[in-house]
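Colleague: Counting with the numbering used here, you get residues 1300 to 1734 for the letters of the sequence shown. Can you read through this structure? Questions will come right after.
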Amino acid sequence: MSARLDSLDIHPLRNELYNELHSRPFQVLPTPARVTQMAVLTTPEQRQQQFRHLQELHRVLGQPVPEHETGCFEHTFGSLRVRREMHMEFASYTFINLAASNKAPFTEAGITPLPEGWLEQLSGTVIAAFHLEIRPAADGTEGDLDYVRKHFEGMRLVGSSPQEGAARVWGTFRLHSDGFGRFMVMNHHMSDSQIGRLTQRLMEIETYRLMSLLALPVARKITPSLNDMDEKLAVITQSLAENQEVDEEKLLAQLTNIAARIEAFRAHSTFRFSATRAYHRLVLTRLEELREDELSGHLTLTEFMTRRLTPAVKTCEAVSERLEDLSRRVDRASDMMRTRVELAIQSQNQQLLSSMDRRSRIQLMMQHTVEGFSVVAITYYLIGLLKFGLDSIYEAGFAVNKTLILGVAIPVVMTLVFLGVRMVHHHFIKMAKQQ
1300 MSARLDSLDI
1310 HPLRNELYNE
1320 LHSRPFQVLP
1330 TPARVTQMAV
1340 LTTPEQRQQQ
1350 FRHLQELHRV
1360 LGQPVPEHET
1370 GCFEHTFGSL
1380 RVRREMHMEF
1390 ASYTFINLAA
1400 SNKAPFTEAG
1410 ITPLPEGWLE
1420 QLSGTVIAAF
1430 HLEIRPAADG
1440 TEGDLDYVRK
1450 HFEGMRLVGS
1460 SPQEGAARVW
1470 GTFRLHSDGF
1480 GRFMVMNHHM
1490 SDSQIGRLTQ
1500 RLMEIETYRL
1510 MSLLALPVAR
1520 KITPSLNDMD
1530 EKLAVITQSL
1540 AENQEVDEEK
1550 LLAQLTNIAA
1560 RIEAFRAHST
1570 FRFSATRAYH
1580 RLVLTRLEEL
1590 REDELSGHLT
1600 LTEFMTRRLT
1610 PAVKTCEAVS
1620 ERLEDLSRRV
1630 DRASDMMRTR
1640 VELAIQSQNQ
1650 QLLSSMDRRS
1660 RIQLMMQHTV
1670 EGFSVVAITY
1680 YLIGLLKFGL
1690 DSIYEAGFAV
1700 NKTLILGVAI
1710 PVVMTLVFLG
1720 VRMVHHHFIK
1730 MAKQQ
């Protein structure tokens, strides 16, 4: 093949995208083996501390120290295999004790070969910690039960036969006296690769189901507040529906307070509820991949999760949906309240406009009255000026009938003054209409 990619524009993330599907390969586990899985909630600062802590393990065990952190790190120290996987919220540590031992189950664990005191210095908050004991199967189902039951401290077992009876899986989904959970895998005829995949699925089921339950305390905590806000909102909506006389300012303050509390709850819980749904889907997917067969008298892992985990997740989803529903209802109540206030303002504006119109008419009538007085006044002053003129003419020796002239002039002057005032009045009205 002569074609090459050197001259083509290659996406900078191409190699990373190819490697992503291979970044967390399944384990290959022999039988017997002892595994300890831990999931630790971490902050960005704690992740750096954990990596330095992992480097210290290499120094203590005399191994080359890794220089760069990776999403999935795995190294084997003799009979101890350590695997660290980074997730969005937590880091998972898998410790596998590969040393052959004839001791009873759970007397040794995956963390047994770790140096003294190393695990106690691990930073972060432990959310999941459990042991898995991988053993060869005893002869017959009854032998499995007799062998398994005594190693779970009398707790009720949950078990199934995955992969068409190729193994038996037992657990309790409870903490035992050592503070760890426990699972036991009885291998009938699985290969090392198949056991590795089965173990990985069990670890993910246990870790993801605990992560999915982190939202349940949050849901229980905010539910009483949601009940209180729901009642207040119902009262406000009812008062608006019945068109009662209410204090709009007070109601708006209450609606604003409820909306602020809802947004605070949403900011605090939205990510947690979304993560719960995602983790729950992962649990269900891993359970489907087990392809379980029922063991007589025992709940399968799928049945147990469906009966216990699913209702808890549904509770979180219900609270999340209730938050969204309350937010929408508050928005609608606020819209009704604003509409009510706007109608009240419009009514006030209408009353104000009516009052202003009435005042304008009164002012117009007063103006007409004043115009009538002004015509008389102007006429009086003009006639007075005319009389002074006639007196001057009479004294100058011209014979004029002042009384007749004044009598004729009065209606003529008054008519001219009236027409002049009306002309000015119409001129101003015309100017107002042009604006």
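Where is the CB? At the ideal position from N, CA and C, for every residue including glycine.
Counting along the chain, where does the beta strand (DSSP E) carrying Gln1336 start and finish?
Modeller: Translated into positions along the sequence shown, residue 1336 becomes position 37. That run of the beta strand (DSSP E) goes 1332-1340.
Colleague: Rounded to the nearest angstrom, what separates Tyr1679 and Gln1650 at their Cα positions?
Modeller: Position 380 of the sequence shown, counted from the start, is the residue given in the question as residue 1679. Position 351 of the sequence shown, counted from the start, is the residue given in the question as residue 1650. If you take the alpha carbons of Tyr1679 and Gln1650, they lie about 43 Å apart.
Colleague: Would you say the stretch 1418-1434 touches the stretch 1363-1382, given that touching needs at least three Cβ pairs under 8 Å?
Modeller: With a cut-off of 8 Å on Cβ pairs, the stretch 1418-1434 is not in contact with the stretch 1363-1382, counting fewer than three such pairs.
Colleague: Which class does Glu1366 belong to by DSSP, given the choice of helix, strand or coil?
Modeller: Taking the first residue of the sequence shown as position 1, residue 1366 is located at position 67. Coil, per DSSP.
Colleague: Which two residues bound the contiguous beta strand (DSSP E) that contains Asn1486?
Modeller: Numbered from 1 along the sequence shown, position 187 holds the residue referred to as residue 1486. Start and end: 1480-1486.
Colleague: Take Ile1692 and list the residues in its own chain whose beta-carbon comes closer than 7 Å to its own, dropping the five residues that flank it on each side.
Modeller: As a position in the sequence shown, residue 1692 is number 393, starting the count at 1. These residues qualify, in order along the chain: Val1699.
Colleague: Helix, strand or coil, according to DSSP, for Thr1536 in the structure here?
Modeller: Indexing the sequence shown from 1 puts residue 1536 at position 237. Of the three classes helix, strand and coil, the one that applies to Thr1536 here is helix, per DSSP.
Colleague: For Leu1515, which of helix, strand or coil comes out of DSSP?
Modeller: Numbered from its first residue, the sequence shown carries residue 1515 at position 216. Leu1515 falls in the helix class under three-state DSSP.
Colleague: Would you decide whether Ile1309 is buried or exposed? Buried here means 16 or more other CB atoms lie within 10 Å of its CB.
Modeller: What you label residue 1309 is simply residue 10 of the sequence shown in a count that begins at 1. So Ile1309 ends up on the exposed side.
Colleague: Using 8 Å as the Cβ pair cut-off and three pairs as the minimum, do the stretch 1318-1329 and the stretch 1405-1414 touch?
Modeller: A contact is defined here as three or more CB-CB pairs under 8 Å, and the stretch 1318-1329 fails this definition with respect to the stretch 1405-1414.
Colleague: What three-state label does DSSP hand Arg1434 in the structure shown?
Modeller: By one-based count along the sequence shown, residue 1434 stands at place 135. In the structure shown, Arg1434 adopts extended strand secondary structure according to DSSP, grouped into three states.
Colleague: Taking only three categories from DSSP, how would you classify Ile1395?
Modeller: Working through the sequence shown from its first residue, we reach residue 1395 at position 96. The answer is strand: DSSP assigns Ile1395 an E or B state.
Colleague: Using alpha carbons as the reference points, say which of Leu1340, Thr1614, Leu1307, Val1381 lies closest to Leu1360.
Modeller: Here residue 1360 is taken as the residue at index 61 of the sequence shown, counted from 1. Checking every option, the nearest Cα to that of Leu1360 belongs to Val1381.
Colleague: Any contact between the stretch 1467-1483 and the stretch 1448-1458? By contact I mean 3 or more CB pairs, one from each, below 8 Å.
Modeller: yes
Colleague: Using only the alpha-carbon positions, how far apart do Ser1524 and Val1618 sit?
Modeller: Within the sequence shown, numbered from 1, the residue matching residue 1524 stands at position 225. Within the sequence shown, numbered from 1, the residue matching residue 1618 stands at position 319. Rounded to the nearest angstrom, the two C-alpha atoms are 11 Å apart.
Colleague: When you compare each of Ile1677, Thr1498, Tyr1507, Gly1464 to His1488 by their alpha carbons, which one comes out closest?
Modeller: In the sequence shown, residue 1488 corresponds to position 189, counting from 1. Among Ile1677, Thr1498, Tyr1507, Gly1464, the Cα nearest to that of His1488 is on Gly1464.
Colleague: What are the partner residues of Val1425, as DSSP defines its beta bridges?
Modeller: For the purposes of this step, residue 1425 is identified with residue 126 of the sequence shown, where counting begins at 1. Paired residues: Val1339.
Colleague: Write down the C-beta distance between His1352 and Gln1362 rounded to the nearest angstrom, noting that I regard them as a contact closer than 8 Å.
Modeller: Numbered from 1 along the sequence shown, position 53 holds the residue referred to as residue 1352. Numbered from 1 along the sequence shown, position 63 holds the residue referred to as residue 1362. So it is not a contact: roughly 14 Å between Cβ atoms.
Colleague: On the criterion of 16 or more Cβ atoms from any shown chain inside 10 Å, does Pro1311 qualify as buried, or is it exposed?
Modeller: Here the question's residue 1311 lines up with position 12 in the sequence shown. Exposed: under 16 other Cβ atoms inside 10 Å.
Colleague: Name the DSSP beta bridge partners of Ser1459, please?
Modeller: Within the sequence shown, residue 1459 is the residue found at index 160, counting from 1. According to DSSP, which records beta bridges pairwise, Ser1459 is partnered with Val1468, Glu1593.
Colleague: For Glu1373, which of helix, strand or coil comes out of DSSP?
Modeller: The residue given as residue 1373 occupies position 74 in the sequence shown. Strand.
Colleague: Excluding the 5 residues preceding and the 5 following Phe1350 in the sequence, name in chain order all residues of the same chain whose CB lies nearer than 7 Å to its CB.
Modeller: In the sequence shown, counting from the first residue as 1, residue 1350 sits at position 51. If we look at Phe1350 and ignore the five residues flanking it on each side, its Cβ neighbours are Glu1368.
Colleague: Cβ-heavy atom distance between His1310 and the ligand ZN below 6 Å?
Modeller: The model on display carries no ligand, and the ligand ZN is accordingly not part of it.
Colleague: Can you give me the start and stop residues for the alpha helix (DSSP H) that Arg1313 sits inside?
Modeller: Position 14 of the sequence shown, counted from the start, is the residue given in the question as residue 1313. Counting along the chain, the alpha helix (DSSP H) containing Arg1313 begins and ends at 1313-1319.
Colleague: Is it right to say Glu1623 is buried, meaning 16 or more other beta carbons lie within 10 angstroms of its own, or is it exposed?
Modeller: One-based indexing of the sequence shown puts residue 1623 at position 324. So Glu1623 counts as exposed.
Colleague: Evaluate Tyr1578 with the Cβ neighbour count: other Cβ atoms within 10 Å of its Cβ, from every protein chain shown; 16 or more gives buried, anything less gives exposed.
Modeller: One-based indexing of the sequence shown puts residue 1578 at position 279. Tyr1578 is buried by the Cβ-count criterion.
Colleague: Which two residues bound the contiguous beta strand (DSSP E) that contains Glu1384?
Modeller: In the sequence shown, counting from the first residue as 1, residue 1384 sits at position 85. Per DSSP, Glu1384 belongs to the beta strand (DSSP E) from 1379-1385.
Colleague: For Phe1405, name the three-state secondary structure that DSSP assigns.
Modeller: By 1-based counting over the sequence shown, the position of residue 1405 is 106. Three-state result, Phe1405: coil.
Colleague: Short check: CB of Glu1712 to CB of Val1674, under 7 Å?
Modeller: Position 413 of the sequence shown, counted from the first residue, corresponds to residue 1712. Position 375 of the sequence shown, counted from the first residue, corresponds to residue 1674. Before going further, note that residue 1712 is Val rather than Glu in the sequence given. A distance of 7 Å or more separates the beta carbons of Val1712 and Val1674.
Colleague: Rounded to the nearest angstrom, how far is the Cβ of Ile1395 from that of Ala1332, given a contact under 8 Å?
Modeller: One-based indexing of the sequence shown puts residue 1395 at position 96. One-based indexing of the sequence shown puts residue 1332 at position 33. Contact between Ile1395 and Ala1332 is confirmed by a C-beta separation of about 6 Å, below the 8 Å threshold.
Colleague: Is the Cβ-Cβ distance between Gln1326 and Gly1495 less than 7 Å?
Modeller: Translated into the one-based positions of the sequence shown, residue 1326 becomes position 27. Translated into the one-based positions of the sequence shown, residue 1495 becomes position 196. The answer is yes: Cβ separation under 7 Å.
Colleague: I'd like to check one pair, Ile1426 with Leu1340: are the Cβ atoms closer than 7 Å?
Modeller: Indexing the sequence shown from 1 puts residue 1340 at position 41. Indexing the sequence shown from 1 puts residue 1426 at position 127. Yes, Cβ-Cβ distance for Leu1340 and Ile1426 is below 7 Å.
Colleague: Hey, Val1612 and Ile1557 are a contact pair by Cβ (cut 8 Å); roughly how many whole angstroms apart?
Modeller: If you number the sequence shown from 1, residue 1612 lands on position 313. If you number the sequence shown from 1, residue 1557 lands on position 258. So it is not a contact: roughly 27 Å between Cβ atoms.
Colleague: Which whole-angstrom value describes the C-beta separation of Pro1329 and Asp1491, a residue pair presumed to lie in contact below a C-beta threshold of 8 Å?
Modeller: Numbered from 1 along the sequence shown, position 30 holds the residue referred to as residue 1329. Numbered from 1 along the sequence shown, position 192 holds the residue referred to as residue 1491. So it is a contact: roughly 5 Å between Cβ atoms.
Colleague: Given a cut-off of 7 Å, decide if Arg1590 and Gln1462 are closer than it, judged by their beta-carbon atoms.
Modeller: Within the sequence shown, numbered from 1, the residue matching residue 1462 stands at position 163. Within the sequence shown, numbered from 1, the residue matching residue 1590 stands at position 291. Taking 7 Å as the Cβ cut-off, Gln1462 and Arg1590 qualify as a contacting pair.
Colleague: State buried or exposed for Ile1728, treating a residue as buried only when at least 16 other CB atoms are found within 10 Å of its CB.
Modeller: Counted from its first residue, the sequence shown places residue 1728 at position 429. Exposed.
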